[in-house]
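Just so you know, we're using our numbering here: the sequence shown kicks off at 2 and counts up by one.
The structure appears below as structure tokens.
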Amino acid sequence: MGRVAVVTGGSRGIGAAISKALKAEGYSVAATYAGNDEKAKAFTDETGIKTYKWDVADYDSSKAGLAQVEADLGPIEVVVANAGITRDAPFHKMTPEQWHQVIDTNLTGVFNTVHPIWPGMRERGFGRIIVISSINGQKGQFAQVNYAATKAGDLGIVKSLAQEGAGKGITANAICPGYIATEMVMAVPEKVRDAIIGQIPTGRLGEPEEIARCVTFLASEDSQFINGSTISANGGQFFV
Ligand code: CAA
Numbered sequence: 002m003g004r005v006a007v008v009t010g011g012s013r014g015i016g017a018a019i020s021k022a023l024k025a026e027g028y029s030v031a032a033t034y035a036g037n038d039e040k041a042k043a044f045t046d047e048t049g050i051k052t053y054k055w056d057v058a059d060y061d062s063s064k065a066g067l068a069q070v071e072a073d074l075g076p077i078e079v080v081v082a083n084a085g086i087t088r089d090a091p092f093h094k095m096t097p098e099q100w101h102q103v104i105d106t107n108l109t110g111v112f113n114t115v116h117p118i119w120p121g122m123r124e125r126g127f128g129r130i131i132v133i134s135s136i137n138g139q140k141g142q143f144a145q146v147n148y149a150a151t152k153a154g155d156l157g158i159v160k161s162l163a164q165e166g167a168g169k170g171i172t173a174n175a176i177c178p179g180y181i182a183t184e185m186v187m188a189v190p191e192k193v194r195d196a197i198i199g200q201i202p203t204g205r206l207g208e209p210e211e212i213a214r215c216v217t218f219l220a221s222e223d224s225q226f227i228n229g230s231t232i233s234a235n236g237g238q239f240f241v
């Protein structure tokens, strides 16, 4: 059996492509999901990848879920913190609820996913933390004060974890996808989406598999010297 990898939000969108790519590389993959039992079951039926249901915004549920994965599959060596939501609204219309929902899931969710398995990675002397951030954490985005704050926060998390984990064989890196052809981007009003595509020099949305390939590279033994980095995969839309 290969190394054990957990992908949060791993049964849909970019997460599903990541789960499949890791499985194809020989990892034992656990894909988590928050709510949609039917889609999760269809995903397992299609791919053979085991799914687990918990809310990444809840620390105790995350800890218990991760312990269950370890009981089923073995020690977790690769974590892909991918689960994320949007609650877009111009700032003057954004409610405290929209702010907190996004912070709790996208930012605290990363803490809740990594913190319970961190001591085991330190003990075993190997770990790969990969956080799926966003172009909008790098450049900001109209109607995404909440989301952009979490995605910028992801970069602070990996830069700090990189320093703490380096001596223990653990790396932490972020990927900043640009606009990828997923349900999340398809939910953007068509006119706005077309305008965004017009800003992408490659002239198209990205494919989830293009992000998944970044993940399999960062998860591998070959990437040991890459730590605290951010890989931008955005078709040339934004340069840091
Ligand atoms: N830049 C500048 N102005 C914008 C804009 C933008 N990107 N998007 C909308 N506006 C403007 C509109 O043209 C409109 O202007 P007018 O009032 O002059 O006509 C105004 O903002 C919209 O105001 P409304 O009060 O009508 O806005 P609303 O409350 O209906 O909200 C919206 C609409 C939520 C902003 C909607 O336009 C939207 O969803 N925009 C897309 C936001 C976005 O890009 N989200 C990214 C989602 S994908 C993702 O997050 C994945 C990832 O990591 C990349």
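From the three backbone atoms N, C-alpha and C, an ideal C-beta is built for every residue, glycine too.
All values reported here derive from a predicted model rather than from experimental measurement.
| Query | Result |
| --- | --- |
| Buried or exposed by the 16-neighbour rule on C-beta atoms within 10 Å, applied to residue 122 | buried |
| Chain-order list of residues whose beta-carbon lies under 6 Å from that of residue 16 (same chain, five-residue window excluded) | 8, 10 and 83 |
| Complete runs of the alpha helix (DSSP H) confined to the region 132-193 [at least 4 residues] | 136-140, 146-166 and 184-187 |
| DSSP three-state assignment for residue 236, whether helix, strand or coil | coil |
| Simplified DSSP state of residue 220, which is helix, strand or coil | helix |
| Pair within 9 Å by beta-carbon distance, residue 79 and residue 136 | no |
| Residue 153 versus residue 31 - alpha carbon distance | 26 Å |
| Host alpha helix (DSSP H) of residue 77 (start-end) | Element bounds for residue 77: not the alpha helix (DSSP H) but the beta strand (DSSP E), 77-82. |
| Own chain partners of residue 86 with C-beta closer than 7 Å, once the 5 adjacent residues on each side are dropped | 102, 103, 106 and 107 |
| Supposed close pair residue 18, residue 220 - CB separation, criterion 8 Å | Their Cβ separation, rounded to whole angstroms, is 14 Å, which puts residue 18 and residue 220 out of contact at 8 Å. |
| Local conformation of residue 130 per DSSP, three classes | strand |
| Inter-residue spacing [alpha-carbon to alpha-carbon] between residue 191 and residue 205 | 14 Å |
| Where residue 66 falls: helix, strand or coil (DSSP) | helix |
| Terminal residues of the alpha helix (DSSP H) in which residue 318 lies | Missing from the structure shown is residue 318; the chain here goes from 2 to 241 and no further. |
| The region 62-82 in contact with the region 34-43 per 3-pair CB rule at 8 Å | no |
| Alpha carbon of residue 166 to alpha carbon of residue 14, nearest angstrom | 29 Å |
| 7 Å CB neighbourhood of residue 218 in its chain, flanking five on each side removed | 224 |
| Pair within 9 Å by beta-carbon distance, residue 174 and residue 159 | yes |
| Residue range of the beta strand (DSSP E) that includes residue 8 | 5-8 |
| The ligand CAA heavy atom lying under 8 Å from the CB of residue 155 | no |
| Any non-hydrogen atom of the ligand CAA within 8 Å of residue 240 CB | no |
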